[in-house]
Amino acid sequence: MSESQLETPDFVERLRDGDRAAFALLVKHYHPRLLGTARRLLQPADAEEAVQESWIAAHGALARFEGRSTVLTWLTRIVINQARMQLRRQGREIQFDPTEDTGDALAHRFRGDGHWQTPPLTWTLHGPDALLTRDELKQCMEKHIDAMPDNQRLVLELRDIQGLDFGAICNILDISPSNVRVLLHRARTRLFQLVDHFQETGEC
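Residue numbers are given in UniProt numbering: position 52 of the sequence shown equals residue 52, and the series is strictly consecutive.
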C-alpha cells in the first residue's frame, strides 16, 4: 500500500473504527520513518521505546483524530513529543527559538524557502575507490548531523530526510515558518561547509 493510500478518507475512517488490519498497515509503513526521526534525538534503545509508546498513544487516540493534518504529520508530532518527554527526564530540553548568534556567512547560498540558490556541484562517482569515498562522506555527514544542536538536527531530518513540507514541520514542532527556515539554513550551512572541506582535503 502506498503512502497516499494510507491518507485517504476511507482508510482514515477504518483507523477511527478500530480496524486492526488498517492499523497494522500503518505501523508497517510508517514505523521505520518514525524511528529515524526519534533517533535524531535519542539513543537507539530510547528511540525504540519512544516510538513504541507513541504507537500505543496513537492507537488510543485514533478515534478522536480530526484529519486537520495528515496521519504521518500527526504521528510524527506524537513521536517528537514522546522523545522530548524522555529528554526532559534526562535533564535536556530542545529550544526552537533560533536566537543564538551563529553567523550567516553563507546566507547568499540559499533562497527564502531554504533551498540552494545554486546547488553544490554533483559528484559523478564511478568505481570502487569513488564508492568508498561516497561511503566515507556519508559516514562523515551522519557524524556531523549527530553533533548538531537538537533543533537544527530535527528540522533537517523532517525537511531534507523525511521530505515533509514547511507547513507540516510548523504543525509538528509548533514553531513559525521563519524559525523553521533559520534552523534549516543553519543545518544546511554546516553540511555545506563539511562537504566543501571533504572535497578539498578528503578528511572529515
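Heads up, the beta-carbon is just placed ideally off N, CA and C, and yes, glycines get one too.
Mapping the DSSP letters down to three states, classify residue i as helix, strand or coil.
i: Ile56; result: helix
i: Asp135; result: helix
i: Arg89; result: helix
i: Leu41; result: coil
i: Ile161; result: helix
i: Met141; result: helix
i: Phe65; result: coil
i: Ser176; result: coil
i: Ile80; result: helix
i: residue 264; result: Because residue 264 is not part of the residues shown, which for the chain are 1 to 204, the question remains open.
i: Glu7; result: coil
i: Gln95; result: coil
Which term fits residue i, buried or exposed, when burial requires 16 or more other beta carbons within 10 angstroms of its beta carbon?
i: Arg190; result: buried
i: Ala45; result: exposed
i: Thr37; result: buried
i: Ala61; result: exposed
i: Ala63; result: exposed
i: Gln86; result: buried
i: Arg84; result: buried
i: Arg40; result: buried
i: Arg20; result: exposed
i: Arg89; result: exposed
Quick check on residue i - is its C-beta less than 8 Å from some C-beta in chain C?
i: Leu164; result: No chain C appears in this structure, which consists of one protein chain only.
Expressed to the nearest angstrom, what Euclidean distance is found between the alpha-carbon atoms of residue i and residue j?
i: Leu183; j: Gln162; result: 16 Å
i: Asp17; j: Lys28; result: 19 Å
i: Glu93; j: Arg134; result: 34 Å
i: Val51; j: Ala57; result: 10 Å
i: Leu35; j: Pro9; result: 25 Å
i: Leu164; j: Lys143; result: 23 Å
i: Val180; j: Glu13; result: 32 Å
i: Met1; j: Glu200; result: 44 Å
i: Met148; j: Gln5; result: 35 Å
Tell me which same chain residues have a C-beta within less than 7 Å of the C-beta of residue i, skipping the five on either side of it?
i: residue 205; result: Outside the shown range of the chain, which is 1 to 204, sits residue 205, and nothing can be said about it.
i: Leu42; result: Ala50, Ala83 and Gln86
i: Gly67; result: Val12
Less than 6 Å between C-beta atoms, sequence neighbours within five positions excluded: which residues of the same chain meet that for residue i?
i: Ala168; result: Thr73
i: Trp123; result: Below a pLDDT of 50, predicted positions are generally treated as unreliable, and Trp123, at 46, falls in that range; the measurement from the model is reported next regardless. Excluding residues within five positions, none has a Cβ falling inside 6 Å.
i: Leu194; result: His144
Closer than 8 Å by C-beta to residue i: which residues in its own chain qualify, once you throw out the five before and the five after it? Chain order, please.
i: Thr70; result: Glu7 and Ala168
i: Leu15; result: Ala22, Phe23, Leu26, Leu62, Phe65 and Val71
Exercise. Does the region 69 to 80 come close enough to the region 160 to 180 that 3 or more CB-CB pairs lie under 8 Å?
Worked result: yes
Exercise. Is it true that the region 187 to 204 meets the region 152 to 170, where meeting means three or more beta-carbon pairs spaced less than 8 Å apart?
Worked result: yes
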